[in-house]
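A short worksheet on the structure shown next.
In structure tokens form, the structure reads like this:
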């Protein structure tokens, strides 16, 4: 019995329906993203949270057609055209025209043989057809916008001369050079020091507002999402298990996994006597269990949970949970 | 100053660069990774060492463990401890390492790893080694079969537990946990942190918990030492430092920590990034980024000033200012 | 720094929490070519061991009456210019080439690995000293050195082995030193040091087992290089002296009869090539498997 919920996002920017990502090798076939539905409204920041193995990074990469070797994506992906109409697109062809990505590891994501100014200008040249000179001016402007001091001078730096925070800013500027309407961020602050992380989060938030840009922000760190995301989708074992407005999620989680996740990380403004870990490990993607995939680790498991069908499928924009039990779980706000 | 572990002006310096023939040749630059750290750890206390990358906390841990040579004085139980130390003395201070991927020898099973240590230090008679391995594995809440499995089949959490078992095999008095949970999933972190807390109580260990994560430090430690670019900037009880931080860096660090209340405004609590540790400016290391810096801060390095509940290396605390 | 492990493993789609079962024996995963190569080399090894029993005739005793005979049932590959049975000579040459070739890679491996390990583990002046010597040796043209040694000490297996050991150890030393430098900083080595495990034991139990795989792969190709080098030197008269059968000298000896008795040169050439193929398949297979 599935519940079909009306679309309350009147004209989404991105629509992802029934996304599956499969890896095939000689002996095995693995589907680490197994039926994901998402929508992002214009100007909205959607947080995508989950631990390792949840499929969150692969989901992001599938949207942009950046899957690693051996991976293939299947699903209904639509991106809004200029008129606001959702149009199906081919992930391989969409890059540079509306969507951009910021990666986790600034160390390796920047081409070490190019000066950073040239790198940023490249996007403007290719996707906006600017001349080299115009593109360089644009690059310097972008660098200023992302908070890089003395951008004219910095544009001539090589990536290895910059600190982690500056490199991340360069990466953001590069992503912005194609004037995207949707920015995909894959753990952009995880590799940074906490003080720098705070700066980058502020920056991203500001950019989203100023440019009316949407974002999907992938992270394993829930508290980070508390300060930047409008809505949060939580993933586990290849599926979305809960989706809700950010404040609501932290006030009243509706899935035991979200609840456990929320209470297992120490947060500076929350005092927990004892941290709640989760026993066991996530299921092996080669052998996902039928029914609820969290059942074997869930503290609220009951009869019928192990066979419960997955039913978040139809719910994408208003709150939804894959948990079949009506639980009253305590949040942290 | 009495304590189980005492550090007095402990510094670690490296020679960086140099010529073809290593030390024979042109002079190289000196990197001061740890600069005059002084504190003491009472038996049974849990001391958190917090700081961002480059602050020297990991190098400090290596010095305490005797893996790098250091200057200054380190005392264990009243007696001075040098970097080159006897097998016996090594037993007393042990460490759980950060990266579960490289913390276990891939060519040995956990049993072999543990047995080696038990044998070398003659912790138990030879015929009791297997039993002791089983006890240690049980201590870290793992099933016995884990002992005979290749490390590559183990998860990050399991490997960290074995790393913990290895550290405890020598029955140390001081346990150092160097970012021991940073590379783990959040749900696994919690179990490991709980385990470390429990074992600390059970075995009456003195714990030195190193992390960049303030929230974890607050949860695990009684006292906290805040480090920045190699130097100590603040020291005090966790409750007081977190409640009323004295040093501007500590204040900024606390303000930057992710919170569950949505509070992200454009006002960022700290600007810029740390200078290169090879090219430190004169004066206070933090002066370049400090919102409260004044002239003196740029020319002279502040010493650690004591106040009623701790100490901080900031001129704002000097008597003339208060 | 915190979650690099996380997204890297995620991106490959591999399960992040592997099973607790003991991993299947690695041998099952070896690619087919490895087994084919091993088979070939195995056959040669058997021939080398049983050469004298397998050989129908004495490989060295001349029988001039029957010289340059064509292949027949009594002499499957004919006879050479001194009437010796080519097949017998081939079989015994297998033993000689394989043995000297193996040792010619083995000795440099032992010496080079030992020196390289010391350089890598102890570092500082030990490292500087050993590596500078390595640089000097490597700068010197190897073949000239070998020729000089042969003129000094005369032909023969002994000279060849000395020559190889002196020149080839450098490769092994660099190989193991690089691996050791990589492994030395890893946490499990640090943990062993911090726990007071003695150096020799750290090298033997913690470092070497985790750094030796590249050496092993290189060794398999090096045996081949050694055999080829021996054949080459024998071809020009500086290797294994006649009348001992050796592929290189057999190839040389058959040259002048290439038109009418082409098998005198081709047979040892083919023997050498097939063995080479076998070694390459082994090395390739190992390399494939280890770099997975």
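Protein chains in written order, with my numbering: chain A, 192 to 524; chain B, 3 to 324; chain C, 823 to 1114.
Note that the Cβ used here is the ideal one computed from N, Cα and C, for glycine as well.
As the structure is a prediction and not an experimental result, all values here were calculated from the model.
Self-check item: CA nearest to the CA of residue 889 of chain C, picked from C:901, C:897, C:880 and C:895
Solution: Nearest of C:901, C:897, C:880 and C:895 to residue 889 of chain C, Cα basis: C:901.
Quiz item: Around the C-beta of residue 320 of chain B, are 16 or more other C-beta atoms found within 10 angstroms, so that it is buried, or is it exposed?
Solution: exposed
Self-check item: Counted within 10 angstroms of its Cβ, other Cβ atoms place residue 413 of chain A as buried (16 or more) or exposed
Solution: buried
Self-check item: As assigned by DSSP and simplified to three states, the class of residue 1074 of chain C
Solution: helix
Quiz item: CA-CA distance, residue 183 of chain B and residue 44 of chain B?
Solution: C-alpha separation (whole angstroms): 24 Å.
Quiz item: Can we say the segment 939-955 of chain C touches the segment 1045-1061 of chain C, given the rule of at least three CB pairs closer than 8 Å?
Solution: no
Quiz prompt | Three-state secondary structure assigned by DSSP to residue 307 of chain B | solution = Look at residue 307 of chain B here: in three-state DSSP terms it is strand.
Practice problem: Would you mind listing the alpha helix (DSSP H) stretches within the segment 53-80 of chain B that are 4+ residues and don't spill past its ends, in chain order? | Solution: The segment 53-80 of chain B contains these whole alpha helix (DSSP H) runs: 59-67.
Quiz item: Is the beta carbon of residue 1010 of chain C sitting closer than 8 Å to the one on residue 156 of chain B?
Solution: Against a cut-off of 8 Å, the Cβ pair of residue 156 of chain B and residue 1010 of chain C comes out as no contact.
Quiz prompt | Residues from the segment 117-147 of chain B in contact with chain C, defined by Cβ distance under 9 Å | solution = 118, 119, 122, 123, 145 and 147
Exercise. Examine chain A for any beta-carbon lying closer than 8 Å to the beta-carbon of residue 275 of chain B, and answer yes or no.
Key: yes
Quiz item: Run through DSSP, which three-state label would residue 879 of chain C get?
Solution: coil
Practice problem: Note down, in chain order, each residue of its chain lying with its Cβ closer than 6 Å to the Cβ of residue 312 of chain A, except the 5 sequence neighbours on either side. | Solution: 326, 327 and 330
Practice problem: Determine whether the Cβ of residue 260 of chain B lies closer than 8 Å to any Cβ atom of chain A. | Solution: At least one CB of chain A lies nearer than 8 Å to the CB of residue 260 of chain B.
Quiz item: Is residue 177 of chain B helix, strand or coil when you go by DSSP?
Solution: strand
Quiz item: With C-beta atoms as the reference, is residue 297 of chain A less than 8 Å away from residue 366 of chain A?
Solution: no
Exercise. Tell me residue 984 of chain C's beta-bridge partners as DSSP assigns them.
Key: Paired residues: none, contrary to the question.
Practice problem: Could you name the residues of chain B that residue 469 of chain A contacts, counting a contact when the two beta carbons are closer than 7 Å? | Solution: 189
Quiz item: Is there contact between the segment 3-19 of chain B and the segment 461-471 of chain A, where contact requires at least three CB pairs shorter than 8 Å?
Solution: No: fewer than three Cβ pairs fall under 8 Å.
Quiz item: Is residue 208 of chain B near residue 149 of chain B, with beta carbons less than 8 Å apart?
Solution: no
Quiz item: Is the segment 257-273 of chain A in contact with the segment 209-227 of chain A, if contact means three or more CB pairs nearer than 8 Å?
Solution: yes
Quiz item: How would you list, in chain order, the residues of chain A whose beta-carbon sits under 9 Å from the beta-carbon of residue 218 of chain B?
Solution: 456 and 457
Quiz item: From this set, A:204, A:230 and A:206, which residue's C-alpha is nearest residue 434 of chain A's C-alpha?
Solution: A:230
Practice problem: Would you mind telling me which residues of chain A sit closer than 8 Å to residue 255 of chain B, beta carbon to beta carbon, in chain order? | Solution: 385 and 386
Exercise. Out of B:53, B:7 and B:10, state which residue places its alpha-carbon closest to the alpha-carbon of residue 232 of chain B.
Key: B:53
Quiz item: Is DSSP giving residue 135 of chain B helix, strand or coil here?
Solution: helix
Practice problem: Measure how close the beta-carbons of residue 242 of chain A and residue 187 of chain B come, nearest whole angstrom, since I'm counting them as under 8 Å. | Solution: A Cβ-Cβ separation of about 4 Å places residue 242 of chain A in contact with residue 187 of chain B under the 8 Å criterion.
Quiz item: In the segment 414-431 of chain A, which residues sit with their C-beta less than 7 Å from some C-beta in chain B, listed in chain order?
Solution: 414, 415, 417, 418 and 419
Exercise. Please determine, among A:248, A:359 and A:277, the residue with the shortest C-alpha to C-alpha distance to residue 301 of chain A.
Key: A:359
Quiz item: Using the rule of at least 16 other Cβ atoms within 10 Å of the residue's Cβ for burial, across every protein chain shown, is residue 218 of chain A buried or exposed?
Solution: exposed
Exercise. Can you tell me the Cβ-Cβ gap for residue 1063 of chain C and residue 926 of chain C, rounded? I've got them flagged as a contact below 8 Å.
Key: Going by Cβ atoms, the distance from residue 1063 of chain C to residue 926 of chain C rounds to 16 Å, so no, they are not a contact pair.
Self-check item: chain A residues whose Cβ lies nearer than 7 Å to that of residue 364 of chain B
Solution: Outside the displayed range of chain B (3 to 324) lies residue 364 of chain B, so it cannot be described from this structure.
Self-check item: Simplified DSSP state of residue 362 of chain A, which is helix, strand or coil
Solution: Helix, per DSSP.
Quiz item: Buried or exposed: where does residue 906 of chain C fall if 16 or more other Cβ atoms within 10 Å of its Cβ makes it buried?
Solution: So residue 906 of chain C counts as buried.
Quiz item: For chain B, is any of its Cβ atoms less than 8 Å away from the one on residue 221 of chain A?
Solution: no
Exercise. Kindly list the residues whose CB is nearer than 7 Å to the CB of residue 451 of chain A, restricted to its own chain and excluding five residues on each side of it in sequence; keep chain order.
Key: 467 and 469
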